[in-house]
Amino acid sequence: MPRITNWTRESRAPTLAYRNTKTGARAVLHRAPDSYAYKWRAAILVDGYPVWSRGFETKEATSFRDTLRDRPAPELACPECPNNDVIVGQKSAAGAKVKRWFDCLDCGYEAPSKIVYGAER
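Using this note's numbering, read the sequence shown as starting at 6 and increasing by one per residue.
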């Protein structure tokens, strides 16, 4: 199996974690809480903002690694303008659910994450 470009493994068990050598993004495949629909959860986080997430019934490390191969340098980019320098804004909470937001300084675009997490500590 070929190497994963720009990703180095940080840990293998119980959580499979990778760090991007160019952007500093983190990728994690971890056991989800019992209340989640899937038993395993994978996510790619850029500056703490989730840019990709998926649930799995089993610990599918091969599918997770294939996703990392497709994304050698994930970064936050504004969908409205050509600005790649967006910042991660505040968190909003509704009950036990937490969403993260990001803001574009050039055009003022704001977007919530499509991924909703449980309560954060």
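Where is the CB? At the ideal position from N, CA and C, for every residue including glycine.
Note that the structure is a prediction, hence the values are computed from the model and not measured.
Boundaries of the alpha helix (DSSP H) in which residue i is found, first to last residue
i: Arg74; result: 66-75
Backbone secondary structure at residue i - three-state DSSP
i: Asn25; result: strand
i: Tyr54; result: strand
i: Ala42; result: coil
i: Thr159; result: An answer regarding residue 159 cannot be provided, because it is not within the stretch 6 to 126 covered by the chain.
i: Ile49; result: strand
i: Cys109; result: strand
i: Pro7; result: coil
Beta-carbon contacts of residue i that lie in its chain and below 8 Å, excluding the five residues immediately before and after
i: Leu21; result: Arg14, Val33, Leu34, His35, Lys64, Ala66, Phe69
i: Trp12; result: Tyr23, Arg24, Asn25, Thr26, Ala32, Leu73, Pro77
Start and end residues, beta strand (DSSP E) containing residue i
i: Ala32; result: 31-36
i: Ala78; result: Premise fails: Ala78 is in no beta strand (DSSP E) and is neither H nor E.
Beta bridge counterpart(s) of residue i as assigned by DSSP
i: Arg14; result: Tyr23
i: Glu115; result: Asp108
Proximal residues to residue i (C-beta, below 6 Å), its chain only, five neighbours per side dropped
i: Tyr41; result: none
Cβ shell of residue i (< 7 Å), same chain only, five flanking positions each side left out
i: Thr28; result: Val51, Ala78, Pro79, Glu80
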